[in-house]
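Novice: To start, I am sharing the structure in question, which I have written as structure tokens.
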Amino acid sequence: MKTIDIVGHPERDLRREQRRVMIYRSLNVLSPVSLLLLWELLSRTDVLDSRFFPPPSQVSLTFIDLTFGGGGLLGDLGVSLARILGGFLLGAVPALVLGLAMGLLRPVRAALDPLISFVYPVPKLAILPLLILILGLGEASKLAVIAIGVFFQVLINTVAGVLNIPALYFDAARNLGANRWAMYRTVALPGALPTIFAGLKIAMGTAFLLIVAAEFVAAQSGIGYRVWNSWRTFDLGVMYSGLILLAVTGLVAQLLLATIQSIFVPWQRPDRL
Amino acid sequence: MSESSAQGPPKIRVENATKVFSGGGADGVVALEALSLHVRDGEFVSIVGPSGCGKSTLLRILGKLESLTSGRITLRHDDERKPIDTILFQDSAVFPWMTVRANVEYGLRRRKVRAEDRLRIVDEFLAKVGLMRFADSYPYQLSGGMKQRVSIARTFVNDPEILLMDEPFAALDEPNRVLQQEELLSIWASDRKTVLFITHNLEEAIVLSDRVVVMTARPGRMKAEFDVPFGRPRAVYELKRQPRFGELAAKIWGELHDEVMRARADEEKASR
Ligand SMILES: Nc1ncnc2c1ncn2[C@@H]1O[C@H](COP(=O)(O)OP(=O)(O)OP(=O)(O)O)[C@@H](O)[C@H]1O
Ligand SMILES: [Mg+2]
Chain W
34 MKTIDIVGHP
44 ERDLRREQRR
54 VMIYRSLNVL
64 SPVSLLLLWE
74 LLSRTDVLDS
84 RFFPPPSQVS
94 LTFIDLTFGG
104 GGLLGDLGVS
114 LARILGGFLL
124 GAVPALVLGL
134 AMGLLRPVRA
144 ALDPLISFVY
154 PVPKLAILPL
164 LILILGLGEA
174 SKLAVIAIGV
184 FFQVLINTVA
194 GVLNIPALYF
204 DAARNLGANR
214 WAMYRTVALP
224 GALPTIFAGL
234 KIAMGTAFLL
244 IVAAEFVAAQ
254 SGIGYRVWNS
264 WRTFDLGVMY
274 SGLILLAVTG
284 LVAQLLLATI
294 QSIFVPWQRP
304 DRL
Chain A
6 MSESSAQGPP
16 KIRVENATKV
26 FSGGGADGVV
36 ALEALSLHVR
46 DGEFVSIVGP
56 SGCGKSTLLR
66 ILGKLESLTS
76 GRITLRHDDE
86 RKPIDTILFQ
96 DSAVFPWMTV
106 RANVEYGLRR
116 RKVRAEDRLR
126 IVDEFLAKVG
136 LMRFADSYPY
146 QLSGGMKQRV
156 SIARTFVNDP
166 EILLMDEPFA
176 ALDEPNRVLQ
186 QEELLSIWAS
196 DRKTVLFITH
206 NLEEAIVLSD
216 RVVVMTARPG
226 RMKAEFDVPF
236 GRPRAVYELK
246 RQPRFGELAA
256 KIWGELHDEV
266 MRARADEEKA
276 SR
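As they're listed, the protein sequences go chains W and A.
Each number in the numbering used here corresponds to the 1-based position in the first sequence with 33 added.
Each number in the numbering used here corresponds to the 1-based position in the second sequence with 5 added.
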């Protein structure tokens, strides 16, 4: 015979969640740090060719110098960020409005669905030449390519978000006297917000991708331009510094979105964030 | 509302209501077939019937959430400042993105009730359902029974002329159910709304109602009805101990049992 004892440990039980959070946090930090250590080791022992893969310690010195010294990387980052932010807003705001309308109004959905399914799969970079042709080499074409990429991702997630709201909530709202506008504001929008934020996060990643690619081929400024240019002149310190800067900025953008989400979606269970 | 209106035409008049849902077989699902029912102003009527016989469908049609295929339904709207009817849904339809307070005041906000009146009414009902302390909580922080009480408060706060209640207490534990039944009776006694109340619980139907209606298996129509002879006010637990209570329950059970068996037989035939 076997007995199973379940004994209460007040201390342990209460601490458990805190400890879990700590473990996940340290995993967050540990995995990139160990990767960096490995890289450092392999580069210093010349397993990796240190001309192509300089050790992180050396890269970070160059990085600090180029970014905060006279290297001007921060200025380029600013230029890129302005493009990202502008394009992001230009794409996300109309996508949100249209997405809610499509989710809520079946005729709008029926009319636009085929169009969107047709355009959505086209890689947005493929239309950059067309955009440059129409808008020229200046800022407009870069804003446009980001806006278009962001637009579709936010749109599709917003529509999905609205369609996934259980019909019961719309029924309850209507039965309690909600008109169409109230339905938008009090059911469709808040109900779709978690999915909308998932879309915004993906779209932010897309915005980074698109701006760097656009700056590779058609810019004289911006972080993407610097990375591309330094590669051509074999100035790998600048190239790696640019990459680090992009990674850090991307991370900050995601954290920012997550913070905004926790403010706008306070009803989401904390462990689902 | 004037005295004479109580003698006027019925509050709810359902004549030959038929509802066919398209899909599910060549000619769709016939949920209701030629169902007729009159409910007087201020009457409390319970509907019992086998699962799937169209009870919720009838309520949704009355709440204008579903269309009627054929037949006619007439509702008498006496005071147009109040909503005509409000449904208390079978599954908790509490909005997860709103606090308890925002949920409860939802109907009042839609009707643009002044903030101070809103606050007063909502506080009164939050206290009645015992959720004052949770006014600012979100539904994910509540138990299933508490969520249902939010639903109940939200419906009553809306103050409709007709209450359409779809198994409102099914998710509650027994003590809370009795409490809510008595609470419902006392709220109802104070303003005598017309109530259509769906339940699977025969005792609940008898305890609360003036009349209990039994529906047939799908397609739903009226099978039998029973007047409940007990006076008011009623004390839920006292009433259940009376011999006449048991006799009435047995009679209703007899009618219902036949239909439940028939529904099951139909189900088995269809699955073969
Ligand atoms: N939107 C719908 N589309 C198709 N069929 C439906 C729809 N809603 C309900 N039905 C069908 O109509 C019938 C009646 O459903 P209803 O929900 O009214 O039953 P009910 O009497 O409330 O059952 P329960 O006691 O289990 O809640 C069922 O057979 C159901 O499958
Ligand atoms: Mg039902």
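For each residue, glycine too, the CB sits at the ideal point set by N, CA and C.
Everything numeric in this text was worked out from a predicted model, so none of it was measured.
Please confirm if the stretch 87-104 of chain A is in contact with the stretch 166-180 of chain A, defined as three or more CB-CB distances below 8 Å between the two stretches.
Specialist: yes
Novice: Please give the ranges of any beta strand (DSSP E) in the stretch 33-97 of chain A, keeping only runs that are unbroken, at least 3 residues long and fully inside the region.
Specialist: The qualifying runs are 34-44, 49-53, 75-80, 90-93.
Novice: If you measure from each residue's Cβ to the nearest non-hydrogen atom of ligand 1, which ones come out under 5 Å, in chain order?
Specialist: A:Phe26, A:Val34, A:Ala36, A:Ser56, A:Gly57, A:Cys58, A:Gly59, A:Lys60, A:Ser61, A:Thr62
Novice: Which residue or residues does DSSP assign as beta-bridge partners of Leu216 (chain A)?
Specialist: Counted from its first residue, the second sequence places residue 216 (chain A) at position 211. The question names Leu, yet the displayed sequence has Arg at residue 216 (chain A). BP columns for Arg216 (chain A) point to A:Val50, A:Asp232.
Novice: Using beta carbons (cut-off 8 Å, strictly below), is Gly132 (chain W) in contact with chain A?
Specialist: Your numbering for residue 132 (chain W) matches position 99 in the first sequence. Cβ-Cβ to chain A under 8 Å: no for Gly132 (chain W).
Novice: To which residues of the same chain is His82 (chain A) closer than 8 Å at the C-beta, ignoring the five residues directly before and after it?
Specialist: Counting from one through the second sequence, the residue named residue 82 (chain A) turns up at place 77. So the list reads Ile89, Glu166, once near-sequence residues are dropped.
Novice: Please confirm if Thr91 (chain A) has its CB atom under 8 Å from at least one CB of chain W.
Specialist: Residue 91 (chain A) sits at position 86 when you count from the first residue of the second sequence. Thr91 (chain A) belongs to the set of residues whose beta carbon lies under 8 Å from a beta carbon in chain W.
Novice: Who are the Cβ neighbours of Met135 (chain W) in its own chain at under 7 Å, not counting the five residues just before and after it?
Specialist: Taking the first residue of the first sequence as position 1, residue 135 (chain W) is located at position 102. Excluding residues within five positions, the ones whose Cβ falls inside 7 Å are Val141, Arg142, Leu145, Val192.
Novice: Taking the straight line between their C-alpha atoms, what separation do you get for Leu63 (chain W) and Met55 (chain W)?
Specialist: Locating residue 63 (chain W) in the first sequence gives position 30, where the first residue counts as 1. Locating residue 55 (chain W) in the first sequence gives position 22, where the first residue counts as 1. If you take the alpha carbons of Leu63 (chain W) and Met55 (chain W), they lie about 12 Å apart.
Novice: Pick from W:Leu279, W:Val281, W:Val271: whose alpha carbon is nearest that of Phe85 (chain W)?
Specialist: Within the first sequence, residue 85 (chain W) is the residue found at index 52, counting from 1. Looking from the CA of Phe85 (chain W), the closest CA among W:Leu279, W:Val281, W:Val271 belongs to W:Val271.
Novice: With DSSP run on the structure shown, which of helix, strand or coil describes Val40 (chain W)?
Specialist: On the first sequence, residue 40 (chain W) is found 7 positions in, with the first residue counted as 1. Residue state, collapsed to three classes: coil.
Novice: Could you tell me if the beta carbon of Gln95 (chain A) falls within a distance shorter than 7 Å of some heavy atom in ligand 2?
Specialist: Taking the first residue of the second sequence as 1, we reach residue 95 (chain A) at position 90. Result yes, Cβ under 7 Å from ligand 2.
Novice: Using only CA atoms, which one of A:Gln185, A:Phe161, A:Asp122, A:Arg125 lies nearest to Gly150 (chain A)?
Specialist: Along the second sequence, one-based indexing puts residue 150 (chain A) at 145. Per the Cα distances, A:Gln185.
Novice: Cβ closer than 7 Å: which chain W residues qualify as neighbours of Phe231 (chain A)?
Specialist: Your numbering for residue 231 (chain A) matches position 226 in the second sequence. Simply none; closest approach about 29 Å.
Novice: With the cut-off set at 8 Å, would you say Asn262 (chain W) and Thr228 (chain W) are in Cβ contact?
Specialist: Locating residue 262 (chain W) in the first sequence gives position 229, where the first residue counts as 1. Locating residue 228 (chain W) in the first sequence gives position 195, where the first residue counts as 1. For Asn262 (chain W) and Thr228 (chain W), no; Cβs fall outside 8 Å.
Novice: Taking 8 Å as the CB-CB cut-off, is Leu209 (chain W) touching chain A?
Specialist: Position 176 of the first sequence, counted from the start, is the residue given in the question as residue 209 (chain W). Yes, because at least one Cβ of chain A sits closer than 8 Å to the Cβ of Leu209 (chain W).
Novice: With Thr199 (chain A) as the anchor, note down where its beta strand (DSSP E) starts and where it stops.
Specialist: As a first step, residue 199 (chain A) is located in the second sequence; it is residue number 194 there, counting from the start. Taken as a continuous stretch (DSSP letters only), the beta strand (DSSP E) holding Thr199 (chain A) covers 199-203.
Novice: Which whole-angstrom value describes the C-beta separation of Ile293 (chain W) and Ser113 (chain W), a residue pair presumed to lie in contact below a C-beta threshold of 8 Å?
Specialist: Looking up residue 293 (chain W) in the first sequence gives position 260. Looking up residue 113 (chain W) in the first sequence gives position 80. The pair is not a contact, with the Cβ atoms about 21 Å apart (cut-off 8 Å).
Novice: What residues in the stretch 164-186 of chain A have a beta carbon less than 8 Å from any beta carbon of chain W?
Specialist: none
Novice: Got a sec, what are the start and stop residues for the beta strand (DSSP E) Leu147 (chain A) sits in?
Specialist: Counting from one through the second sequence, the residue named residue 147 (chain A) turns up at place 142. Per DSSP, Leu147 (chain A) lies in no beta strand (DSSP E) and is assigned neither H nor E.
Novice: Hey, how far is the Cα of Ser10 (chain A) from the Cα of Arg115 (chain A)?
Specialist: For the purposes of this step, residue 10 (chain A) is taken as the residue at position 5 of the second sequence. For the purposes of this step, residue 115 (chain A) is taken as the residue at position 110 of the second sequence. Only weak support is given to the placement of Ser10 (chain A): the predicted model assigns it a pLDDT of 47, under 50, and the value that follows is read from those uncertain coordinates. Taking the Cα positions, Ser10 (chain A) is about 28 Å away from Arg115 (chain A).
Novice: Using 7 Å as the cut-off, classify the Cβ of Asp204 (chain W) as near or not near the heavy atoms of ligand 2, replying yes or no.
Specialist: Numbered from 1 along the first sequence, position 171 holds the residue referred to as residue 204 (chain W). It does not: the Cβ of Asp204 (chain W) is nowhere closer than 7 Å to a heavy atom of ligand 2.
Novice: Does the distance from the CB of Val187 (chain W) to the CB of Ala128 (chain W) come in under 8 Å?
Specialist: Locating residue 187 (chain W) in the first sequence gives position 154, counting from the first residue. Locating residue 128 (chain W) in the first sequence gives position 95, counting from the first residue. Yes, Cβ-Cβ distance for Val187 (chain W) and Ala128 (chain W) is below 8 Å.
Novice: Helix or strand or just coil, what does DSSP make of Lys117 (chain A)?
Specialist: In the second sequence, the residue the question calls residue 117 (chain A) occupies position 112. In this structure, Lys117 (chain A) counts as coil in the three-state DSSP scheme.
Novice: According to DSSP, is Ile56 (chain W) part of a helix, a strand, or is it coil?
Specialist: In the first sequence, the residue the question calls residue 56 (chain W) occupies position 23. If DSSP states are grouped into helix, strand and coil, Ile56 (chain W) belongs with the helices.
Novice: Quick one: is Asp96 (chain A) near chain W, going by C-beta distance under 8 Å?
Specialist: Sequence index remark: in the second sequence, residue 96 (chain A) carries index 91 (1-based). With its beta carbon less than 8 Å from one in chain W, Asp96 (chain A) belongs to the interface.
Novice: Would you list, in chain order, the members of the stretch 95-117 of chain A that have their beta-carbon closer than 7 Å to a beta-carbon of chain W?
Specialist: Correct list: Asp96, Ala98, Phe100, Pro101, Trp102, Tyr111, Gly112, Arg115, Arg116.
Novice: Considering only the alpha carbon of each residue, which of W:Lys234, W:Leu209, W:Ala200, W:Leu196 lies closest to Ala225 (chain W)?
Specialist: In the first sequence, the residue the question calls residue 225 (chain W) occupies position 192. Comparing Cα-Cα distances from Ala225 (chain W) to each of W:Lys234, W:Leu209, W:Ala200, W:Leu196, the minimum goes to W:Leu196.
Novice: What residues from chain A crowd round Tyr202 (chain W), counting only those whose CB sits closer than 8 Å?
Specialist: Here the question's residue 202 (chain W) lines up with position 169 in the first sequence. The answer, in chain order, is Ala98, Phe100.
Novice: Any beta carbon from chain A within less than 8 Å of Trp300 (chain W)'s own beta carbon?
Specialist: Along the first sequence, one-based indexing puts residue 300 (chain W) at 267. Answer yes: the Cβ-Cβ gap between Trp300 (chain W) and chain A drops below 8 Å somewhere.
Novice: Looking at the unbroken beta strand (DSSP E) that takes in Ile17 (chain A), where does it start and where does it end?
Specialist: For the purposes of this step, residue 17 (chain A) is taken as residue 12 along the second sequence, with counting starting at 1. 17-26 is the extent of the beta strand (DSSP E) around Ile17 (chain A).
Novice: If we count the other Cβ atoms within 10 Å of its Cβ and call it buried at 16 or more, is Leu94 (chain W) buried or exposed?
Specialist: Locating residue 94 (chain W) in the first sequence gives position 61, where the first residue counts as 1. Result: exposed.
Novice: Whole angstroms are fine: how far does the CA of Asp164 (chain A) sit from the CA of Phe123 (chain W)?
Specialist: The count along the first sequence starts at 1 and reaches residue 123 (chain W) at position 90. The count along the second sequence starts at 1 and reaches residue 164 (chain A) at position 159. Position check: residue 123 (chain W) holds Leu in this sequence, whereas Phe was assumed. Going from the Cα of Leu123 (chain W) to the Cα of Asp164 (chain A) covers about 45 Å.
Novice: Is Asp263 (chain A) a contact residue of ligand 2, with contact defined as CB to any heavy atom under 7 Å?
Specialist: The residue given as residue 263 (chain A) occupies position 258 in the second sequence. Checking the Cβ of Asp263 (chain A) against ligand 2 gives no.
Novice: Output yes if chain W places a C-beta closer than 8 Å to the C-beta of Pro88 (chain A); else output no.
Specialist: Here residue 88 (chain A) is taken as the residue at index 83 of the second sequence, counted from 1. Pro88 (chain A) counts as touching chain W.
Novice: With 8 Å as the limit, tell me which residues of the stretch 48-71 of chain A have their beta carbon closer than that to any beta carbon of chain W; keep them in chain order.
Specialist: Arg65, Gly68, Lys69, Leu70
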